[in-house]
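Enquirer: Numbering follows this note's numbering, with no gaps: position 35 of the sequence shown is 20. Note that CB positions come from ideal geometry on N, CA and C, so glycine has one too. Below: one structure in structure tokens.
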Amino acid sequence: QILTAVLFKVKPDVTSSQLNEWKSLAKGMVGKIPGLVKLEADTPLPSTAHRAMGFSMALVAVIEKADDLKSYAEHPAHL
-14 QILTAVLFKV KPDVTSSQLN EWKSLAKGMV GKIPGLVKLE ADTPLPSTAH RAMGFSMALV
46 AVIEKADDLK SYAEHPAHL
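Below, the structure is given as structure tokens:
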């Protein structure tokens, strides 16, 4: 399995409702994109936010195999 992680700096005017919607949409890609085994997205814990270096959101995807990474990156559900 392949792990891929992406860190985001979300604009300050983004609401928690918008973040929750984005997280739901991101997690909804599992089952739609071949090879995408699991996806987690969330904000830093309050106790560790000071170490997040300004990043306000992280996404970690578990991809079945290296060949699936290209399909994941180019899949319409991902774009």
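In whole angstroms, give me the CA-to-CA distance for leucine 54 and proline -3.
Expert: Distance between the alpha carbons of leucine 54 and proline -3 is about 31 Å.
Enquirer: Roughly how many angstroms lie between the CA atoms of valine 15 and lysine -6, to the nearest whole one?
Expert: When rounded, the distance between both Cα atoms is 23 Å.
Enquirer: Report the CB separation of alanine 11 from alanine -10 in whole angstroms; it is logged as a contact under 8 Å.
Expert: Not quite, the Cβ-Cβ distance comes to about 13 Å (not below 8 Å), so this is no contact.
Enquirer: So, glutamate 59 versus valine 22, is the Cβ gap smaller than 8 Å?
Expert: No, these two residues do not count as a Cβ contact at 8 Å.
Enquirer: Report buried or exposed for leucine 24, applying the criterion of at least 16 other Cβ atoms within 10 angstroms of its Cβ.
Expert: Buried, by the Cβ-count rule.
Enquirer: Please list the terminal residues of the continuous beta strand (DSSP E) segment that includes leucine 54.
Expert: Looking at the DSSP string, leucine 54 is not in any beta strand (DSSP E); the run it does join, the alpha helix (DSSP H), is 51 to 59.
Enquirer: Measure the alpha-carbon distance for arginine 36 versus leucine 44 and round it to whole angstroms.
Expert: If you take the alpha carbons of arginine 36 and leucine 44, they lie about 17 Å apart.
Enquirer: Which partner residues of valine 45 appear in the DSSP bridge assignment?
Expert: Note: valine 45 sits in a beta bridge opposite Ala(-10), Glu25.
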